[in-house]
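Here the structure is laid out as structure tokens; the discussion comes afterwards.
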Amino acid sequence: MDIDKNKNFSEWFNTIISDAGLADLRYNVKGFVVFRPWSVKSMKLMYAAYEAELEARGHSPALFPALIPEQNFKIEGEHVEGFTPQVFWVEQAGGNKLEERLAMRPTSETAMYQMYALWIQGLADLPLKIYQSCQVWRYETKATKPFFRSREFHWIEAHDCFATEKEARGQVREDMEMTEAVVHQQFGIPFLFFQRPEWDKFPGAVHTYAADTLMPDGRVLQLPSTHLLGTNFAKAFNVYYQDEKGEKSPVWQTCYGPAISRIYGALFSVHGDNKGLVLPFDFAPVQVVIVPILGKGQDGEAVLKYANEVLAHLLHDGIRAKVDSTPSTPGFKYNHWEMHGVPVRIEIGGREAEAKQITLVMRDAPPKTKKTISLTESIMVIRSEGAALSSRLLAKADAYFGSHLAQAKTMDELKAGLEKGCIVRVPYCSMEKTEGKGCADEIKAQLVGDVRGIKYDEKAPAHGETCVYCQKPAQHFAYVARQY
RNA sequence: GGGGCUAUGUGCUAACCUGGUAUGCUACCGCGUUCGGGACGCGGUGGUCUGGGUUCAAAUCCCGGUAGCCCCA
Numbered sequence: 194m195d196i197d198k199n200k201n202f203s204e205w206f207n208t209i210i211s212d213a214g215l216a217d218l219r220y221n222v223k224g225f226v227v228f229r230p231w232s233v234k235s236m237k238l239m240y241a242a243y244e245a246e247l248e249a250r251g252h253s254p255a256l257f258p259a260l261i262p263e264q265n266f267k268i269e270g271e272h273v274e275g276f277t278p279q280v281f282w283v284e285q286a287g288g289n290k291l292e293e294r295l296a297m298r299p300t301s302e303t304a305m306y307q308m309y310a311l312w313i314q315g316l317a318d319l320p321l322k323i324y325q326s327c328q329v330w331r332y333e334t335k336a337t338k339p340f341f342r343s344r345e346f347h348w349i350e351a352h353d354c355f356a357t358e359k360e361a362r363g364q365v366r367e368d369m370e371m372t373e374a375v376v377h378q379q380f381g382i383p384f385l386f387f388q389r390p391e392w393d394k395f396p397g398a399v400h401t402y403a404a405d406t407l408m409p410d411g412r413v414l415q416l417p418s419t420h421l422l423g424t425n426f427a428k429a430f431n432v433y434y435q436d437e438k439g440e441k442s443p444v445w446q447t448c449y450g451p452a453i454s455r456i457y458g459a460l461f462s463v464h465g466d467n468k469g470l471v472l473p474f475d476f477a478p479v480q481v482v483i484v485p486i487l488g489k490g491q492d493g494e495a496v497l498k499y500a501n502e503v504l505a506h507l508l509h510d511g512i513r514a515k516v517d518s519t520p521s522t523p524g525f526k527y528n529h530w531e532m533h534g535v536p537v538r539i540e541i542g543g544r545e546a547e548a549k550q551i552t553l554v555m556r557d558a559p560p561k562t563k564k565t566i567s568l569t570e571s572i573m574v575i576r577s578e579g580a581a582l583s584s585r586l587l588a589k590a591d592a593y594f595g596s597h598l599a600q601a602k603t604m605d606e607l608k609a610g611l612e613k614g615c616i617v618r619v620p621y622c623s624m625e626k627t628e629g630k631g632c633a634d635e636i637k638a639q640l641v642g643d644v645r646g647i648k649y650d651e652k653a654p655a656h657g658e659t660c661v662y663c664q665k666p667a668q669h670f671a672y673v674a675r676q677y
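Residue numbering for the first sequence follows my numbering, beginning at 194 and increasing consecutively.
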């Protein structure tokens with residue numbers, strides 16, 4: 194494809210979606226896209242990784258209905274206010290107009306918590322940690338973009354209940370740890386976790402914490418967020434337990450929402466290069482593609498036979514491999530599979546067949562870096578080279594992310610940082626709506642920058658630091674970036 | 001939320017201004033030759049987003065709808 198990702202991200206993004214077969218954007222409903230096999234296979238692997246992490250940390254799967262009666266949806270005041278403008282409604286079934294409208298879930302609090310009220314009676318029922326992998330619908334009014342912001346997206350939502358605030362806060366920390374373990378360590382996507390300002394919380398939450406990553410065009414993209422819901426929903430949905438003293442108490446709740454379809458968009462945007470996708474070894478639909486070299490001077494039959502022998506060897510060890518024996522020329526196949534981000538290519542011609550060897554090329558290797566090894570050592574080498582490729586992707590992504598963090602004390606410095614595509618750390622007056630939102634509005638208006646929040650565990654600025662905008666004493670270091 | 005641009009076969013595109021048989025590449029199908037970095041020859045299938053209007057005649061001009069892209073807030 195040969196489009197410079199960092200200079201022309203939008204064009205790169207659209208081209209790779211179509212050329213690598215990730216999605217088809219021609220479905221005729223605005224903001225809805227068709228996810229094609231190549232992206233779905235990776236997303237299923239990502240779902241599996243995330244679900245394994247959730248279950249290892251005590252979550253159990255469930256599946257709740259996609260439709261929510263309007264009366265349930267309206268039970269928690271702030272939540273309704275926040276989400277109502279984004280809801281798709283079902284008003285008719287067959288030829289009958291429904292007596293009560295049904296919301297297509299934009300998120301599932303109001304579907305799940307009425308059931309939680311039935312399930313939770315006492316301490317023995319706590320903690321309750323449930324997740325579901327599903328799709329949700331939001332009538333987005335901002336410009337939609339496939340994977341990043343569509344009106345239907347695929348995610349996991351975990352909804353947890355605890356007896357105490359302390360446990361709930363502990364869950365928020367655990368959600369951040371899971372994000373680090375999966376999104377950063379496994380998917381290789383760097384991010385910073387921010388506590389969102391009071392004016393930018395999840396509707397109905399006490400606190401919202403969200404991971405922001407950085408796209409090649411210098412805009413941040415919100416990845417998983419976790420919310421301390423306090424007892425707001427519990428009181429509204431009547432989710433109470435009987436405590437040690439025999440008294441009824443509302444449960445403390447958290448919810449956590451990694452959007453797999455969006456994280457996948459971040460994954461290929463962060464790791465891709467000018468030749469196409471570059472996928473981490475564990476999340477590639479095909480980890481190894483075997484390209485047989487046939488033709489004159491080659492014993493075609495022997496080459497194909499050997500290629501299939503190698504394939505069987507790899508499959509037997511659980512490596513996702515395939516032989517590309519279509520009639521195209523090898524050069525065409527090299528480009529095709531590079532575009533698709535397959536981590537390892539094996540070339541097999543007459544020479545390899547005869548010597549029982551394989552020639553390996555890694556997706557991220559410089560041109561003409563090939564390595565010929567024996568079949569017997571192939572599994573070991575492929576596994577270690579695959580892991581090394583994933584590590585290189587992580588290191589490269591970290592380096593890029595790290596080099597796009599900046600600091601500023603003045604509006605001019607902030608402007609310069611934003612224009613370089615950085616996430617900029619500034620001293621800031623307040624995260625409270627009444628005191629701090631005015632400055633955020635001005636920064637947005639003047640510099641097209643968004644105050645994303647404060648870093649979860651960062652110390653307050655030293656005495657004497659003043660807000661980048663209003664010059665009042667700074668209570669926090671805030672992070673400002675252009676956003677999707 | 002505001003503004004701009006666009007829609008022709010799978011994709012890209014010519015014809016649009018100035019209305020009159022829709023061009024080329026790619027992909028796809030068939031046959032043959034090819035194959036260690038995007039092969040080639042010959043033959044073939046397939047198209048003007050949608051609804052209305054103007055006109056003898058609409059891909060082309062006008063109005064609405066739908067969808068996409070870009071810019072600004």
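For every residue, glycine included, the Cβ atom is placed at its ideal position computed from N, Cα and C.
The C-alpha of ARG229 is placed about 26 Å away from the C-alpha of THR372. In terms of Cα proximity to ASP650, the closest of PHE202, PHE670 and ILE566 is PHE670.
With contact defined as three or more Cβ pairs closer than 8 Å, the segment 384-402 and the segment 263-274 are in contact.
Each residue's CA atom was taken as its position, placing ALA667 and LYS648 some 14 Å apart. Annotation for GLN364: the continuous alpha helix (DSSP H) segment containing it runs 358-372. Nearest to GLY465 by alpha-carbon distance, out of PRO254, LEU587, TYR324 and TYR309, is LEU587.
Cβ-Cβ separation between LEU311 and TYR434: approximately 12 Å, too far for a contact (criterion under 8 Å). The Cβ-Cβ distance between GLY534 and LEU582 does not fall below 8 Å. Separation of LEU260 and PRO485 (C-alpha to C-alpha, rounded to the nearest whole angstrom) is 51 Å.
Here the C-alpha atom of MET239 lies approximately 12 Å from the C-alpha atom of ALA459. Cβ neighbours of THR627 within its own chain (closer than 7 Å, five residues either side excluded): none.
In the three-state reduction of the DSSP assignment, GLU269 falls in the coil class, being assigned neither a helical nor a strand state.
One Cα belongs to ASN265, the other to PHE281, and the distance between them is close to 15 Å. A distance below 8 Å separates the beta carbons of LEU470 and ILE209.
Nearest neighbour of HIS252 by Cα position, chosen from GLU502, SER326 and SER462, turns out to be SER326. In the displayed model, PRO258 falls within coil according to three-state DSSP, outside both helix and strand.
Contact annotation: GLU293 and PRO262 have beta-carbon atoms nearer than 8 Å. Bridge partners of CYS448 according to DSSP: HIS352 and HIS420.
For TYR662, same chain residues with a beta-carbon under 7 Å away, outside a window of 5 residues either side, are MET604, CYS632, GLU635 and ILE636 in chain order. For ARG344, the closest C-alpha among the options VAL329, GLU358, THR300 and GLU350 is that of VAL329. Residue environment: PRO278 is assigned as exposed (fewer than 16 neighbouring CB atoms within 10 Å of its CB, all protein chains considered).
For the set GLY642, HIS420, GLU570 and TRP348, the Cα lying nearest the Cα of LEU507 is the one of GLU570. DSSP assignment within the segment 523-548 yields the following whole alpha helix (DSSP H) runs of 4 residues or more, N-terminal first: 523-532 and 543-548. Of the other Cβ atoms in all chains shown, fewer than 16 fall within 10 Å of the Cβ of LEU256; this residue is therefore exposed. Every beta strand (DSSP E) stretch that sits fully inside the segment 286-361 and reaches 3 residues is listed by chain position as 289-297, 321-330 and 345-355. Around the beta-carbon of LYS290, fewer than 16 other beta-carbon atoms lie within 10 Å, marking it exposed. Non-local C-beta neighbours of GLN285 in its own chain, meaning closer than 7 Å and more than five positions away in sequence, comprise LEU291, ordered along the chain. In this structure the segment 397-416 does not touch the segment 434-443; the number of beta carbon pairs closer than 8 Å is below three. According to DSSP, residue pairing for ARG618 in a beta bridge involves GLN600 and TYR672. Contact between the segment 341-357 and the segment 550-560 is absent: fewer than 3 CB-CB pairs across the two stretches fall below 8 Å. Around the C-beta of ARG331, 16 or more other C-beta atoms lie within 10 Å, and the residue is accordingly described as buried. Within the model, the alpha-carbon separation for VAL226 versus ASN207 is close to 13 Å. Inter-residue distance for LYS608 and GLN639 is about 9 Å (C-alpha atoms, whole angstroms).
MET532 has its alpha-carbon roughly 11 Å from the corresponding atom of LEU215. With fewer than 16 other Cβ atoms from the protein chains shown falling within 10 Å of its own Cβ, PHE525 counts as exposed.
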